[in-house]
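Residue 168 in the UniProt record's numbering is what sits at position 168 of the sequence shown, and the numbering runs on without skipping anything. Just below is one structure, and these are the notes that go with it.
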Amino acid sequence: MGITVIKRKRGVSTLHLLLLLLHFLSSSAIFSGKLVVGLNYTKHTRRVGSLRLSRIQRHLEKINKPPVFTIESPDGDVIDCVHKRKQPALDHPLLKNHKIQRHPPERPKSKTLKREEDGSNNTTREGMVAWQTWHQKGERCPKGTVPIRRSTVDDVLRAKSLYDFGKKQVKTPLIKNGGDGGRQINAPDVVSGNGHEHAIAYTGASQEVYGAKATINVWDPSIEEVNEFSLSQIWVLSGSFDGSDLNSIEAGWQVSPELYGDSRPRLFTYWTDPKLGNWWMSFGETTLVGYWPAELFTHLDDGATMVEWGGEVVNSRANDRHTTTKMGSGQFAEQGFGKASYFRNLEVVDSDNSLSSAQGISTLAENVDCYDIKSFSNSAWGTYFYYGGPGYNPKCP
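Written as structure tokens, this is what we have:
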């Protein structure tokens, strides 16, 4: 899976994307990377009071906009094709006066000459035939509409509360790797001590970045507890790491039983709080997915200061031991191609709107006995790394 996140610079034409996925602002992704027979976490045995159920249904009526067309996916999802001007993202107060852009941005120019030789384009073309599960019947949303996964009562009940539904788990204050309460200036946006564990590569903060790209292979890691998740993604960051004013755009794939009610990998996006200049996301070499309007950000409207690539899991220690939730394929980095998960062709966009291989990256994993990472470089894959792990094992109690 190839993912690109790019920023439209001032003075450059912008995108008209009929499937403008501003719906992603609710962090409720609609994409399935592949159809996987997995566990079903949907049904609940606890009783739900009529008052709570009424509040949930009113909320669902607000966010599930009237569809122009509806598609029933083979995996059980219902996809509503909502008119682009009725999508729920435009309910955000910062987007009250937002005008959907009508012209595509200039794509970054690649400085990498080996891209055509590594087979990535062939893989992309094959995958684009039915790259979402709900495409398998040959149905598509009409022009001028946005495909949105319909939220259900069961989706809300899996969340801690109606307030928490659709929101990313809140992180505790960032601390330096090693846990002494301080923080290195160039340390990445990772959290130790609250159950989030990572294996990531990251750029330094010496230059502004206007986009990031990578090719990621997709797995379906097992999840031990319903409130845990496993993801692989790109982070684009700017702002204060030590305060509440950190802007973050995140895109990749994740397995999240609590959010989706199953154990299938899904393409997802996420953003944090916010003016010219928007951030775009593309899938593969040709598909523009949508954009994050600049009105949402306080820092990213001027570019990013750090990019991260890698994996993250939640370790709840529900059984008084480390979780068995896997990261990536569930194999350690040393297992290499065909077994370990990878990110390859790591690239960043510079101020000239050119893509170049990420140089001088650093790597970090809080607990290498549970999940680890090893980076490399060659002519075909550029800068790349293997990462992941099984979680609980004799060295990871």
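Idealized CB from N, CA, C, for every residue including glycine.
Out of the options, point me to the one whose CA is closest to residue i's CA.
i      : options                        : result
Gly158 : Gly391, Cys370, Glu228, Asn315 : According to the sequence displayed, residue 158 carries Arg and not Gly. Nearest of Gly391, Cys370, Glu228, Asn315 to Arg158, Cα basis: Glu228.
Pro74  : Gln132, Arg52, Lys99, Pro108   : Gln132
Met327 : Gly239, Phe385, Gln254         : Gln254
Lys168 : Thr298, Thr324, Tyr260, Arg107 : Tyr260
Ser240 : Met306, Gly284, Leu288         : Met306
Leu288 : Val82, His103, Arg85           : His103
Leu90  : Ile63, Gln359, Glu72, Ser377   : Ile63
Thr323 : Thr383, Leu300, Ala358, Lys395 : Lys395
Tyr270 : Met281, Asp262, Pro105         : Met281
Trp134 : Val48, Asp245, Arg266          : Arg266
Gln101 : Asn319, Thr383, Gly290         : Gly290
Glu139 : Glu72, Glu208, Gly330          : Glu72
Pro66  : Ala333, Arg55, Gln57, Gln87    : Gln87
Leu346 : Gln233, Glu61, Glu334, Tyr371  : Gln233
Arg47  : Glu106, Asp154, Lys99, Val82   : Asp154
Thr286 : Gly277, Pro105, Asn367         : Pro105
Asn278 : Ser379, Asn315, Gly303         : Gly303
Ala380 : Tyr371, Gly389, Ser357         : Ser357
Leu51  : Gln359, Leu162, Ser362         : Leu162
Gln335 : Leu355, Asn194, Lys374         : Lys374
Tyr371 : Ser377, Asn378, Thr363         : Thr363
Asn367 : Asn393, Pro293, Leu237, Phe165 : Asn393
Val146 : Val68, Phe332, His196, Gln207  : Val68
Ser263 : Trp292, Arg107, Leu237, Leu231 : Leu231
Pro93  : Phe165, Lys137, Pro293         : Pro293
Gly195 : Gly49, Gly204, Thr325, Gly382  : Thr325
Glu208 : Phe165, Gly166, Gly49, Leu300  : Leu300
Ala212 : Asn378, Val236, Gly166         : Val236
Val226 : His98, Lys160, Gly204          : Lys160
Phe268 : Pro108, Gly389, Asp245, Gly166 : Gly166
Would you call residue i buried or exposed, if buried means 16 or more other Cβ atoms sit within 10 Å of its Cβ?
i      : result
Gly391 : buried
Gln352 : Sequence check: residue 352 is Asp here, not Gln. Exposed, because fewer than 16 other Cβ atoms sit within 10 Å of the Cβ of Asp352.
Lys96  : exposed
Pro397 : exposed
Phe385 : buried
Ala214 : buried
Glu224 : buried
Tyr387 : buried
Leu53  : exposed
Gly144 : exposed
Pro257 : buried
Phe337 : exposed
Arg321 : exposed
Thr70  : exposed
Lys84  : buried
Leu296 : buried
Lys111 : exposed
Gly284 : buried
Arg10  : Confidence at Arg10 is low in this model, with a pLDDT of 38, below 50, so its placement is unreliable and the value that follows should be read with caution. By the 10 Å Cβ count, Arg10 comes out exposed.
Tyr210 : buried
Asn315 : buried
Ala318 : exposed
Arg58  : exposed
Gly360 : exposed
Glu61  : exposed
Arg55  : exposed
Leu20  : The pLDDT assigned to Leu20 is 26, lower than 50, so where the model puts this residue is not dependable, and the model offers no usable value.
Pro221 : buried
Gln331 : buried
Gly49  : exposed
Pro142 : exposed
Under 8 Å, Cβ to Cβ, is there at least one residue of chain C near residue i?
i      : result
Trp280 : In the structure shown, chain C does not exist; there is a single protein chain.
Name the one or two DSSP bridge partners that residue i has.
i      : result
Ser375 : Phe385
Pro147 : Cys81
Thr287 : Phe283
Glu312 : His198, Leu231
Trp253 : Ser232, Leu267
Ala365 : Ala199
Lys109 : Ser354
Trp292 : Trp279
Glu347 : Lys213, Ser357
Pro246 : What sits at residue 246 in the sequence shown is Leu, not Pro. Gly239, per the DSSP bridge assignment.
Just to confirm, does residue i get its C-beta within under 7 Å of one of the non-hydrogen atoms of the ligand FAD?
i     : result
Ile79 : The ligand content of the structure shown is nil, which means the ligand FAD is not present either.
Review point. Is it a yes or a no for the region 248 to 256 touching the region 346 to 365, going by three-plus beta-carbon pairs under 8 Å?
Key: The region 248 to 256 makes no contact with the region 346 to 365, as fewer than three CB pairs between them are under 8 Å.
| said: List, from N- to C-terminal side, the beta strand (DSSP E) runs of 3 residues or more that fit wholly inside the region 52 to 80. | reply: Every beta strand (DSSP E) stretch that sits fully inside the region 52 to 80 and reaches 3 residues is listed by chain position as 69 to 72.
Checklist entry - Which residue spans inside the region 188 to 242 form an unbroken beta strand (DSSP E) run of at least 3? => result With a minimum length of 3 residues, the continuous beta strand (DSSP E) runs that stay inside the region 188 to 242 are 196 to 202, 211 to 216, 230 to 239.
Report yes or no: do the region 338 to 348 and the region 215 to 226 share at least 3 C-beta pairs separated by less than 8 Å? Result yes; three or more Cβ-Cβ pairs closer than 8 Å.
query = Using 8 Å as the Cβ pair cut-off and three pairs as the minimum, do the region 308 to 318 and the region 193 to 212 touch?
reply = Contact between the region 308 to 318 and the region 193 to 212 is present, because at least three Cβ pairs lie under 8 Å.
**Item:** Validate contact between the region 78 to 86 and the region 138 to 158 using beta carbons, cut 8 Å, 3 pairs
**Value:** Yes, the region 78 to 86 is in contact with the region 138 to 158.
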